[in-house]
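In the order they appear, the protein sequences are chains A and B.
For the first sequence, our numbering assigns the number 499 to the last residue and increments by one with no breaks.
For the second sequence, our numbering assigns the number 499 to the last residue and increments by one with no breaks.
Here a beta-carbon is modelled for each residue, glycine too, at the ideal position from N, C-alpha and C.
Take a look at the structure below.
There are 2 protein chains.
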Amino acid sequence: MHTTAQAGEPGAAERRRRELLEAADRVVLRDGPKASMNAIAAEAGITKPILYRHFGDKAGLYQALAVRHTDALLDSLRAALDAPAERRRRVEATLDTYLAAIEARPQVYRFLMHPAEDSQSTERGFDVGLHSAPLLRRLGEELAQVIGERVDLGPGGERTARIWGHGIVGMMHAAGDWWLGERPCGRAELVAGLTDLLWGRLATAGNRVDGPGF
Amino acid sequence: MHTTAQAGEPGAAERRRRELLEAADRVVLRDGPKASMNAIAAEAGITKPILYRHFGDKAGLYQALAVRHTDALLDSLRAALDAPAERRRRVEATLDTYLAAIEARPQVYRFLMHPAEDSQSTERGFDVGLHSAPLLRRLGEELAQVIGERVDLGPGGERTARIWGHGIVGMMHAAGDWWLGERPCGRAELVAGLTDLLWGRLATAGNRVDGPGF
DNA sequence: TGTTCGGGTTACCCGCAGTAACTCACGTGT
DNA sequence: ACACGTGAGTTACTGCGGGTAACCCGAACA
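As structure tokens, then:
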């Protein structure tokens, strides 16, 4: 073989790839989830086939982008989760970090939540659920791991931790999505409301006197 | 004008519409979220333009389908929510009803969660969030209403109820999605885990002795 | 008998994912 | 010095799915 340098310069294509990803980022930031391969290629100053050479597939590019942003987001969340404070404060900080992130870049966030969606469906008998939202899955698993590591949940705690991880992430996501769309209140109030919910206020709140009881 | 009957027979087109919706249902049940207009038309034994005459748009058909299923699901959930039992039992029954529904028809469920996704984005300054998942929004609002009606949340309780409604629905949805994909446990265990979470067990559980504390 | 209206069809446009086949520049082996 | 092949890049295509324009036919009505 005769590459330009047989062992040196490993990052020739790597740098190109990063350039492409940054261009894709820019387009996604501008166009949201409907960013097309053509548009991304144009923004990068090249044409489609190169994108396909580098990422193979639209899903491939999506995934590469998703990994980048998910990693970044996870770092922020881990920082919030690891801060030296009591548990409730940390949960609040984590929620707030997530909400601040999606507030700062709604387009990117929306893009990450609706990736690919195809994956040819022939995956294993049922196929359902493997696509959908890798970001949420990763967040859920990550949170599950943190919970499992730190909270004493007794026997079967591993499974409970995973249930909680995915449940909490879903709560965060759906509430954030709704909040972004309607802006019914400030971020702090949303954080407080969700934390109250996680802290069991639903169990302790009394029935309304006029209602049929809940 | 000369309709077949000027005031009588109001349901000529209505029945057609229902036929089309049932055909669409069948296709969605078979093909999942990637059901195409062509396929639906073929299943109904007609061609695309008729679908467009009836529903205007792919989003229109999606919405009609979504309304049907959402209504049905909401009826079941309301029944579970209104059963004569203590609050916790009712929450469990509601979660279980939802999970049973998505378990019974995963394709339909997946279809409902990923509608349209386009809507030309020129909607109002930000545009973000209005598409996405009407089903989840409706469920969230509905639950918010029930909570607001029955639970005494003090001042600002309306907003808190909405936050909780969307948060709980999101928790249910994400956990259900993950569970459908991986089947990590039985439905009962998932229900129990989520209910424990809502009942504040995260607040009361102790730190693991070996972990850094959570 | 002609006309018009509603349900229907064919044949098309457009945009996008994905690909085949070609070009060009450059470093290499002889 | 010359052919070579390799890799980055391009043009030009296929295929498909959403959406639409224009035509078509049968039935009620005058």
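Please confirm whether residue 454 of chain B and residue 366 of chain B have their CB atoms less than 8 angstroms apart. Result no, Cβ atoms of residue 454 of chain B and residue 366 of chain B do not sit closer than 8 angstroms.
Cα-Cα separation, residue 389 of chain B to residue 340 of chain A: A direct Cα-to-Cα measurement between residue 389 of chain B and residue 340 of chain A gives close to 36 angstroms.
Could you tell me whether the segment 378-392 of chain A touches the segment 455-472 of chain A, where touching means 3 or more Cβ pairs closer than 8 angstroms? Judged by Cβ distances under 8 angstroms, the segment 378-392 of chain A makes contact with the segment 455-472 of chain A, as three or more pairs qualify.
For residue 419 of chain A, which residues of its own chain have a beta-carbon under 8 angstroms away from its beta-carbon, when the five flanking residues on both sides are left out? Cβ neighbours of residue 419 of chain A beyond the five flanking positions: 348, 351, 355 and 400.
Identified DSSP bridge partners for residue 454 of chain A: According to DSSP, residue 454 of chain A bridges with nothing at all.
Would you call the segment 462-479 of chain A and the segment 435-442 of chain A in contact, with 3 or more CB pairs under 8 angstroms? Counting Cβ pairs under 8 angstroms, fewer than three are found: no touch.
For residue 359 of chain A, which option in A:426, A:344 and A:472 has the closest C-alpha, if you only look at C-alpha atoms? Ranking the options by Cα distance to residue 359 of chain A, first place goes to A:426.
Using DSSP bridges, identify the partner residues of residue 492 of chain A. When DSSP reads this structure, residue 492 of chain A sits in a beta bridge with B:436.
Measure from the C-beta of residue 323 of chain B to each C-beta in chain A and report whether the shortest distance is under 8 angstroms. No, residue 323 of chain B does not count as interfacial toward chain A.
Would DSSP call residue 379 of chain B helix, strand or coil? In the structure shown, residue 379 of chain B sits in a helix (DSSP, three-state: H, G or I).
Assigned secondary structure, residue 391 of chain A (DSSP; H/G/I helix, E/B strand, else coil): In the structure shown, residue 391 of chain A sits in a helix (DSSP, three-state: H, G or I).
I'd like the list of long-range same chain contacts for residue 380 of chain A, defined as Cβ closer than 7 angstroms, with 5 residues on each side in sequence excluded. Cβ within range, chain order: 457, 476, 479 and 480.
Give me the Cβ distance between residue 450 of chain B and residue 482 of chain A, rounded to the nearest whole Å; I'm assuming they're in contact under 8 angstroms. Contact doesn't hold; Cβ gap of about 10 angstroms is too wide.
Is it right to say residue 417 of chain B is buried, meaning 16 or more other beta carbons lie within 10 angstroms of its own, or is it exposed? Residue placement at residue 417 of chain B is flagged as unreliable, the pLDDT there being 46, under the threshold of 50; the coordinate-derived value follows with that caveat. With 16 or more neighbouring CB atoms inside 10 Å of its own CB, residue 417 of chain B falls in the buried class.
Would you kindly work out how many angstroms separate the C-alpha atoms of residue 299 of chain A and residue 312 of chain A, rounded to a whole number? Between residue 299 of chain A and residue 312 of chain A, the C-alpha separation is close to 20 angstroms.
Which residue marks the beginning of the alpha helix (DSSP H) containing residue 556 of chain B, and which one marks its end? Absent from the model: residue 556 of chain B. The displayed extent of chain B is 286 to 499, so no value can be given.
Can you list, in chain order, the residues of its chain with a C-beta nearer than 8 angstroms to that of residue 505 of chain A? Leave out the 5 residues immediately preceding and following it. A query on residue 505 of chain A cannot be resolved here, the shown segment of chain A reaching from 286 to 499 and no further.
Closer than 7 angstroms at the beta carbon, the chain A residues around residue 438 of chain B: Chain A residues near residue 438 of chain B: 490.
If the cut-off is 8 angstroms on Cβ atoms, which residues from the segment 420-432 of chain A count as contacting chain B, listed in chain order? For the segment 420-432 of chain A, the beta-carbon criterion of a distance under 8 angstroms to any beta-carbon of chain B is satisfied by 421, 422, 425, 431 and 432.
Quick one: list the residues of chain A neighbouring residue 478 of chain B, beta-carbon separation under 8 angstroms, in chain order. Listed along chain A, the residues sitting closer than 8 angstroms to residue 478 of chain B by beta-carbon distance are 444, 445, 448, 449 and 452.
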